[in-house]
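So the sequence shown is numbered by this note's numbering: it starts at 323 and just counts up by one.
Even for Gly, the Cβ is constructed at its ideal location relative to N, Cα and C.
All of these numbers come straight from a predicted model, not from anything done at the bench.
Structure, as structure tokens:
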Amino acid sequence: MGTNARAGDRTRRLRLLVWLAMAVVGLAILLSGRSALPASRMAAILNLEGAIGPAGADYVVRGIRRADERGAAVVVLRLDTPGGLDTSMREIIRAILAAPVPVLTFVAPSGARAASAGTYILYASHVAAMAPGTNLGAATPISIGGGLPLPGAGQDGPSRDGASGSDRPERAAGDGAAKDDAARNGAAGNGTAARPRRPASAMEAKLVNDAVAYIRSLAQLRGRNADWAESAVREGASLSAEEAKARNVIDLIATSVANLLEVAHGRTVKVGERSVVLDTSGIAQEALDPDWRTRLLSAITNPNLALILMMIGVYGLIFEFMNPGALYPGTIGAICLLLGLYALSALPLDYAGLGLIALGVALMIAEAFTPSVGILGIGGVIAFILGATILIDTDVPGFEVSLPIIAGIAAAGLGFSLLVARLAWRSRRRPLVSGREGMIGERGTVLDWTGRSGRVLVAGERWKAESDASLATGERVRVTGVDGLVLRVEPEPAAQS
């Protein structure tokens, strides 16, 4: 009876603890749900800096979703970018257009820019604002591989009229933009008119026309200057903050996020099918920093790190196959290889470059398993260098593979190939030490023996053995011959007598 009573008490206490834990979890969920209600007036702040890639797009898309879940009244996207990948830019724009809360894009601080892809994002926003001393524009697409080039990205290549690729985007905005408008209206500006650069190929013409249609549609959606947007794409035109405000390219000029929220107060914007009056005066600010997922994505989608991870993975698997059971090289190699391949899948790739890298890796693996005195390994290194050089198919700075990284990986691969070649050469000059000849002379121990035969332990392996001598268990023996899978043994000389 006493035992049953104690068991019943333990059961009741366990049930009580379970119910208490469930109550605590439910209360936490309830409180977290209440904290996300729209009752709290808050502006969610997102910071997007540097070249726009998969990590930046993921951060903005998930940031807008988090802001809505937390009940933010508006999202302020603080922007400073030289441009980025077309796919990532369009992903951000789709998120802004579908956002359930107004998105205020703010080019800041002073000295920042919204060049290339940043111009499209600014045009897509519900409210476009810039800080004094900032600029936007130069949105001409050049790369077929998915990149929107940065200002000056092609400055070494002269255009058809003899000007460098950076002359037109970098000319003074007040003068160049006026000439653009004058040329469009048939009037001369200061006696001359800027001529749009003619596409060099049908593919480039398609890219430019597609970009023009895209940015004009965004301008018409937000009621902004569509003609200047077209000149930013066709001619690489740029504007300062003050000129952008005067030309109806942006809505506001502000000195800080707090100032932006004050001057944006009372504006009416269209969010989806409804009109929203911004109530942002004195609103609280909450920065939504990148989480671990975004930071990891930002790190591994760097083409240099992606390539390094992939090569670590390949070498890890090679070492695992050469030394089965080591586990650590194979485990680390598999993880690094998967991370590297995932990162490369998120970037604009030249598949010829990827194929050359795969060929190079295959040749280096072949060198490890079928030594060719370095021929396969050196060929693999050459294929790898060529492939890595053309791997990323975009002209956007920040998304190219660094030459020192390529050289370092190639040097490691060459060193590995030379090491394998050296070991192979040395092995060819050694006397044969495997098979029958390798077993002769080995020492072992008798495991059990009956009459003229038994079993012995030689080199850590159990063998059937025969001998003309009568042997005892535990006696030391020496191998004198091999007959198929049976060893001929005799007692060690020291044991005789």
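Rounded distance between the beta-carbons of residue j and residue i, thought under 8 angstroms
{"i": "residue 433", "j": "residue 456", "result": "7 angstroms"}
{"i": "residue 394", "j": "residue 423", "result": "6 angstroms"}
{"i": "residue 454", "j": "residue 530", "result": "In fact, because the Cβ distance is near 31 angstroms, the residues do not count as touching under 8 angstroms."}
{"i": "residue 635", "j": "residue 658", "result": "4 angstroms"}
{"i": "residue 370", "j": "residue 381", "result": "7 angstroms"}
{"i": "residue 663", "j": "residue 633", "result": "12 angstroms between Cβ atoms; not a contact."}
{"i": "residue 620", "j": "residue 439", "result": "With 8 angstroms as the limit, residue 620 and residue 439 do not qualify as a contact, their Cβ atoms being about 16 angstroms apart."}
{"i": "residue 582", "j": "residue 574", "result": "7 angstroms"}
{"i": "residue 600", "j": "residue 396", "result": "7 angstroms"}
{"i": "residue 605", "j": "residue 363", "result": "5 angstroms"}
{"i": "residue 445", "j": "residue 566", "result": "About 11 angstroms separates the two Cβ atoms, so there is no contact after all."}
Reference residue i; option with closest CA among the options
{"i": "residue 537", "options": "442, 372, 637", "result": "442"}
{"i": "residue 684", "options": "673, 698, 675", "result": "698"}
{"i": "residue 383", "options": "407, 398, 414, 602", "result": "414"}
{"i": "residue 628", "options": "741, 728, 737", "result": "728"}
{"i": "residue 705", "options": "714, 716, 679, 615", "result": "679"}
{"i": "residue 427", "options": "599, 392, 365, 594", "result": "365"}
{"i": "residue 419", "options": "595, 407, 376", "result": "595"}
{"i": "residue 435", "options": "445, 448, 458, 446", "result": "458"}
{"i": "residue 795", "options": "786, 777, 804, 801", "result": "777"}
{"i": "residue 675", "options": "642, 702, 715", "result": "715"}
{"i": "residue 447", "options": "649, 647, 618, 545", "result": "545"}
{"i": "residue 765", "options": "388, 711, 581, 812", "result": "812"}
{"i": "residue 564", "options": "558, 577, 552", "result": "577"}
{"i": "residue 784", "options": "791, 792, 801", "result": "801"}
{"i": "residue 711", "options": "673, 604, 388, 668", "result": "673"}
{"i": "residue 421", "options": "405, 401, 431, 388", "result": "388"}
{"i": "residue 408", "options": "379, 791, 431, 390", "result": "379"}
Range of the contiguous alpha helix (DSSP H) that encloses residue i
{"i": "residue 392", "result": "Premise fails: residue 392 is in no alpha helix (DSSP H) and is neither H nor E."}
{"i": "residue 549", "result": "548-556"}
{"i": "residue 706", "result": "697-711"}
{"i": "residue 630", "result": "625-644"}
{"i": "residue 564", "result": "563-568"}
{"i": "residue 579", "result": "579-586"}
{"i": "residue 608", "result": "Residue 608 -> not in any alpha helix (DSSP H); beta strand (DSSP E) instead, spanning 606-609."}
{"i": "residue 662", "result": "650-667"}
{"i": "residue 621", "result": "614-622"}
Residue j beta carbon less than 8 angstroms from that of residue i
{"i": "residue 725", "j": "residue 761", "result": "no"}
{"i": "residue 671", "j": "residue 622", "result": "no"}
{"i": "residue 411", "j": "residue 429", "result": "no"}
{"i": "residue 709", "j": "residue 682", "result": "yes"}
{"i": "residue 721", "j": "residue 625", "result": "yes"}
{"i": "residue 534", "j": "residue 556", "result": "yes"}
{"i": "residue 788", "j": "residue 799", "result": "no"}
{"i": "residue 652", "j": "residue 703", "result": "no"}
{"i": "residue 609", "j": "residue 367", "result": "yes"}
{"i": "residue 560", "j": "residue 450", "result": "no"}
{"i": "residue 807", "j": "residue 771", "result": "no"}
{"i": "residue 597", "j": "residue 587", "result": "no"}
{"i": "residue 607", "j": "residue 579", "result": "yes"}
{"i": "residue 739", "j": "residue 689", "result": "yes"}
{"i": "residue 731", "j": "residue 630", "result": "yes"}
In DSSP terms, what residue i is bridged to
{"i": "residue 772", "result": "775"}
{"i": "residue 788", "result": "775, 810"}
{"i": "residue 427", "result": "399, 450"}
{"i": "residue 367", "result": "398, 609"}
{"i": "residue 767", "result": "779, 798"}
{"i": "residue 597", "result": "592"}
{"i": "residue 444", "result": "Note: residue 444 sits in no beta bridge, so no partner."}
{"i": "residue 804", "result": "809"}
{"i": "residue 295", "result": "A question about residue 295 goes unanswered here, because the residues of the chain that appear run from 323 up to 819."}
{"i": "residue 714", "result": "671"}
{"i": "residue 679", "result": "According to DSSP, which records beta bridges pairwise, residue 679 is partnered with nothing at all."}
{"i": "residue 374", "result": "406"}
{"i": "residue 574", "result": "451"}
First and last residue of the uninterrupted beta strand (DSSP E) at residue i
{"i": "residue 810", "result": "808-813"}
{"i": "residue 534", "result": "Residue 534 -> not in any beta strand (DSSP E); alpha helix (DSSP H) instead, spanning 524-544."}
{"i": "residue 435", "result": "435-437"}
{"i": "residue 412", "result": "Where residue 412 is concerned, there is no enclosing beta strand (DSSP E), although the alpha helix (DSSP H) it sits in stretches over 408-419."}
{"i": "residue 793", "result": "First-last for residue 793: undefined, no H or E at that position."}
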